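Novice: The listed protein sequences correspond, in order, to chains A and B.
Residues 1 to 412 in the numbering used here are what the first sequence lists, from first letter to last.
Residues 413 to 824 in the numbering used here are what the second sequence lists, from first letter to last.
Glycine included, every Cβ here is placed at the ideal spot set by N, Cα and C.
Just so it is clear, the structure is predicted and the values come from calculations on it, not from any experiment.
2 protein chains.
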Amino acid sequence: MLTKDFNYTVIPNGVCAAQGFVASGVHCGLRKNKNRPDLALIYSETMCQAAAVYTQNRVKGAPIYVTQRHLANQQAQAIIINSGNANTCNPDGEEKAQIMCQTIADQLAIAASDVVVASTGIIGESLPIELIVDAAPALKNQLSREGNDQAAAAILTTDTCQKEYAISLEIAGKTVNIGGISKGSGMIHPNMATMLCFVTTDAAIESTLLQQAVRDVTDETFNMISVDGDTSTNDMVTVLASSLADNTLISDSNSAEYQSFVQGLYVVLMQLSRKIAQDGEGASKLLECQVTGAKEKSTARFVAKSIITSSLVKSAMFGQDPNWGRILCAIGYSDGDFAIENVQVDLASTKGRETVCLNGSRADFDVKKLESILTEDEIFIYVDLGQGEAKATAWGCDLTYDYVKINADYHT
Amino acid sequence: MLTKDFNYTVIPNGVCAAQGFVASGVHCGLRKNKNRPDLALIYSETMCQAAAVYTQNRVKGAPIYVTQRHLANQQAQAIIINSGNANTCNPDGEEKAQIMCQTIADQLAIAASDVVVASTGIIGESLPIELIVDAAPALKNQLSREGNDQAAAAILTTDTCQKEYAISLEIAGKTVNIGGISKGSGMIHPNMATMLCFVTTDAAIESTLLQQAVRDVTDETFNMISVDGDTSTNDMVTVLASSLADNTLISDSNSAEYQSFVQGLYVVLMQLSRKIAQDGEGASKLLECQVTGAKEKSTARFVAKSIITSSLVKSAMFGQDPNWGRILCAIGYSDGDFAIENVQVDLASTKGRETVCLNGSRADFDVKKLESILTEDEIFIYVDLGQGEAKATAWGCDLTYDYVKINADYHT
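1) Among A/Tyr382, A/Ile381, A/Arg353, which residue has its Cα nearest to the Cα of A/Lys368?
2) For A/Ala390, which residues of its own chain have a beta-carbon under 6 Å away from its beta-carbon, when the five flanking residues on both sides are left out?
3) By DSSP's criteria, A/Val133 is part of a beta bridge. Which residues make up the other side?
4) Return the CA-CA distance between A/Val262 and A/Val239, expressed in angstroms with no decimal places.
5) Please classify A/Asn191: does DSSP put it in a helix, a strand, or coil?
6) Using C-beta distances below 7 Å, list every residue in its chain close to B/Val725, excluding the 5 sequence neighbours before and after it, in chain order.
7) Based on the DSSP output, what are the partners of A/Val22 in its beta bridges?
8) Kindly give me the distance between the Cβ atoms of A/Pro63 and A/Asn234, rounded to whole angstroms, as I take these residues to be in contact under 8 Å.
9) Let me check understanding here. Comparing Cα to Cα, which of A/Asn33, A/Ala213, A/Pro137, A/Gln387 lies closest to A/Asn254?
10) What residue does the beta strand (DSSP E) around A/Lys183 start on, and which one ends it?
11) What do you get for B/Pro424, buried or exposed, if any count of 16 or more other CB atoms within 10 angstroms of its CB means buried?
12) For the segment 418-438 of chain B against the segment 550-564 of chain B, are there 3 or more C-beta pairs whose distance is under 8 Å?
13) Between B/Phe610 and the rest of its own chain, which residues show a CB-CB distance below 7 Å, the 5 nearest in sequence each way excluded?
14) At least one CB of chain B closer than 8 Å to the CB of A/Cys89: is that the case?
15) Using 10 angstroms around the beta-carbon of B/Glu558, count the other beta-carbons present and answer buried if the total reaches 16, otherwise exposed.
16) For a test of the three-state rule: what should DSSP assign to A/Met236, helix, strand or coil?
17) Any C-beta of chain A sitting closer than 8 Å to the C-beta of B/Asn494?
18) What's the C-alpha gap between A/Asn191 and A/Gly396?
19) Rounded to whole angstroms, what's the CA-CA distance from B/Ile590 to B/Tyr813? Just pull it up for me.
20) Determine the chain A residues that contact B/Val471 at a beta-carbon separation under 7 Å, and present them in chain order.
21) Between the C-alpha atoms of B/Leu656 and B/Ala452, what's the straight-line distance to the nearest angstrom?
22) Shorter than 8 Å from the beta carbon of B/Val730 to some beta carbon of chain A?
23) In whole angstroms, what separates the C-alpha of B/Thr606 from that of A/Leu287?
24) Name the residue from B/Thr630, B/Lys595, B/Ser531, B/Ser654 whose alpha carbon lies nearest to the alpha carbon of B/Ala616.
25) Could one say the Cβ of A/Leu399 lies closer than 8 Å to chain B's Cβ atoms, at least one of them?
26) Any contact of the segment 537-552 of chain B with the segment 567-574 of chain B, i.e. 3+ C-beta pairs under 8 Å?
27) Under 7 Å between beta-carbons, which chain A residues line up against B/Val816? List them in chain order, please.
28) So which residues of chain B does A/Thr233 contact, with C-beta pairs closer than 7 Å?
29) For the alpha helix (DSSP H) containing B/Val611, name the first residue and the last one.
30) According to DSSP, what are the bridge partners of B/Ser556?
31) For B/Val795, which residues does DSSP report across the bridge?
32) Would the C-beta of B/Ala488 count as close to the ligand NAD, meaning under 7 Å from any of its heavy atoms?
33) Just by C-beta distance, which residues in the segment 521-547 of chain B are closer than 7 Å to chain A?
34) Is A/Ser361 close to chain B? Criterion is C-beta to C-beta, closer than 8 Å.
35) Where does B/Val679 sit, in a helix, a strand or coil, going by DSSP?
36) Quick one: list the residues of chain B neighbouring A/Trp395, beta-carbon separation under 8 Å, in chain order.
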């Protein structure tokens, strides 16, 4: 998705990097551990253009429905998020999601319909809304330009680390900032959107183009990661654009300015996607699968996702086992148009690169070198289908004892 | 698939239960453990009608291609199977699979084209064909009416137990026997056929009807189990019918006789499917998911398979964790036509049954009773979609530390 001449600078402050945004995170009591914040707020001083993509799971969390209604006019000014409870499969879920919006809107003196709401945590437990109502004043009072870390921490569940990324880029002579936070860990197999990701930017961009950019970039980033094949009920990617960068309004999808913005958004969402895959539940390794040489883009996507989703490939990577036959097996059962006798597979890491399969059969590889390659924390799987020009990249993680451990006793 | 008046008797001797069949199993050296047989033979004294279904993986083991050619005339008299090596992704694979057929055909004084060949084990390692050639005389000499156990043992890989099942039923006044062996364990997510299953019967049935029966029954049995979501390269279900039961030839798919045969085949394949799910790699529990009330059969199938394939549901069952929200999540991301607000979910075992979800929301259930239900080795998940009459059943197993352990070091 990136052109060779695309330049950007990595900057600090995550979701507060763009002009006009403040954030906060507090402990309201939804999580038992008092040292972990569980309620986050992102606020823009000015009204923003807003765009979002949501889970395609037919079971949707109540906050998804409320947010969809609030973003019907493609504008928003605040985002409130809780962890510890997904507010999903509850008869009073939408009512409580609406109370979350109204409560924080009252604090901020804005309209409830300009608030985006998201929840993550266990499904099917009633949301103790009074905890959120009681914490709303503190959440508002702690808003600051440095609140991004607290907000990033407050949206986590079984994640082991915060996930933030921000960049600045130049669009027609003006500096534009784009920054985001996300959470992932388990139930990660996004379809259209993933878990939770909140992005802010000071770019001036028309809301319809913002929506198009979010959809296209999500397809290449969050929709190309998998931790466990389970598509969550509460996935959401939301972008707020404040226009404070003072760039000429981006209003043409064929313009160089729009292409720059899309590439900037790609960098941020791709980095946040990788962080989610790397911090998948129990994961010890990040897997990046690059598929090239496909006749169709869809084939490249199917093959890349099939490989990083395979339990057998994931287990082999955990065991640092060069069992490349499982990669061939996962290619074979993926959808799409390819001829297995044209397939080449390479495995690589910072320790080097080895071709393990040529023309669909075993290549003459150095087993010792291969084993050494697999000891690293980031493993690259290169698949050349040898039939065309289309390509795709997907990210995943290994399957470990800890994944099972985490998910065998999440509830209790 | 079973009518209420269908009667059958469970009998011993697995693949040797039907008249005319003998079997054997020997250790030829493909597996390191000398106490484990790794080469099996099933032989019919008379020429049989033969039918098979195969994996839909685009990467197919060499034996699949050879068997497809040999069964083009819908006749066969012997089946040779090795474990320890899948003979897949090898440039000389088909040549060696053909040598396996020729070698045993010479011993049996039959044509190589009347031999079915199958292999299971690691992908992409050259098959040491000389071990099989050397063992062929012993394999033939040990053929006996009691050889079914040895044959059942010789086809196993990481399976922890042999999988055999046989029944007798009456068709138009004659006793017909149907018996089979199978192996499973890992890389189990069949699509059209599964891993390896070999069935013998003495029924007299036209080969086209035999093929139809195998396809239809496989769709309801092996194609409804999943251990790890990975569809193997070597899946195959083969049925040989010797005609020695002396029943009037079954030649009409609308006849009561054909329906009886299909139901008998269903019982055998369903029991073998359950055994594979129960003995999934590392599994401690069998999961049976019965979906009812669907508008379309396809919806019932999608929902049942989605639930028993979910890593999060499987981990929760291992942890005996009544986290029913994960079942709702897996229903939600499955394909098919349903309304989540009509859904009811019950969990059951020999300890009782509890409704955990009513109308898509949490039901008022007894947590202590539910926890007790989940301590059993066979867990039943009942899903009523509340919208129609179609139904489907799927089988799976829990996801345990041992699955990861087994697959992290299978190769080395």
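Specialist: So, from the listed chains and residues:
1) Answer by Cα proximity: A/Arg353.
2) Within the same chain, Cβ atoms closer than 6 Å to the Cβ of A/Ala390 are found at Ala294, Glu296, Lys297, Ala300, the five residues on either side in sequence being excluded.
3) Residue pairing from DSSP leaves A/Val133 without any beta-bridge partner.
4) In this structure, the alpha-carbon of A/Val262 lies about 12 Å from that of A/Val239.
5) Here the model assigns A/Asn191 a pLDDT of 45, short of 50, so the residue's position is not dependable and the matter cannot be decided.
6) Closer than 7 Å at the Cβ level, and outside the excluded window around B/Val725, lie Ile719, Arg738, Ile739, Ala742.
7) Among the bridge pairs identified by DSSP, A/Val22 is matched with A/Tyr43.
8) That pair is a contact at about 7 Å.
9) Checking every option, the nearest Cα to that of A/Asn254 belongs to A/Ala213.
10) According to the DSSP assignment, A/Lys183 belongs to the beta strand (DSSP E) that extends over 174-183.
11) Flag for B/Pro424 reads exposed.
12) Note that the segment 418-438 of chain B touches the segment 550-564 of chain B; at least 3 beta-carbon pairs, one per stretch, sit closer than 8 Å.
13) These residues qualify, in order along the chain: Val427, Ile454, Ile491, Gly592, Ile593, Thr650.
14) Yes, because at least one Cβ of chain B sits closer than 8 Å to the Cβ of A/Cys89.
15) Answer is exposed; the Cβ neighbour count stays below 16.
16) It is a strand residue.
17) No, its Cβ sits nowhere closer than 8 Å to a Cβ of chain A.
18) Only weak support is given to the placement of A/Asn191: the predicted model assigns it a pLDDT of 45, under 50, and the question is left unresolved by the model.
19) Between B/Ile590 and B/Tyr813, the C-alpha separation is close to 37 Å.
20) In chain order: Leu328, Cys329, Ile331, Gly332, Ile340.
21) Take the alpha-carbon of B/Leu656 and the one of B/Ala452: they are about 23 Å apart.
22) Residue identity check: residue 730 of chain B is Phe in the sequence provided, not Val. Output row for B/Phe730: interface = yes.
23) Per-residue confidence for B/Thr606 stands at a pLDDT of 41, beneath the threshold of 50, marking its modelled position as unreliable; the derived number appears in the next sentence. Those two C-alpha atoms are separated by around 28 Å.
24) Just measuring C-alpha positions, the residue of B/Thr630, B/Lys595, B/Ser531, B/Ser654 sitting nearest B/Ala616 is B/Ser654.
25) At least one CB atom of chain B sits nearer than 8 Å to the CB of A/Leu399.
26) The segment 537-552 of chain B, when compared against the segment 567-574 of chain B, does not touch it at the 8 Å Cβ threshold.
27) By Cβ distance, chain A contributes Ser315, Phe318, Leu399, Thr400, Tyr401, Val404.
28) Ordered by position in chain B, the residues that pass the 7 Å Cβ test against A/Thr233 are Cys741, Gly744.
29) Premise fails: B/Val611 lies in the beta strand (DSSP E), 608-613, not in any alpha helix (DSSP H).
30) Paired residues: B/Ala435.
31) The partner list for B/Val795 (beta bridge, DSSP) reads B/Val703, B/Val757.
32) Among the components modelled here there is no ligand, and therefore nothing to report on the ligand NAD.
33) Only those residues of the segment 521-547 of chain B whose C-beta falls short of 7 Å from the nearest C-beta of chain A are listed: Ile534, Ile535, Gly536.
34) For A/Ser361, at least one C-beta of chain B is nearer than 8 Å to its own C-beta.
35) Of the three classes helix, strand and coil, the one that applies to B/Val679 here is helix, per DSSP.
36) Under the 8 Å cutoff, chain B gives no residues; its nearest Cβ is about 17 Å from A/Trp395.
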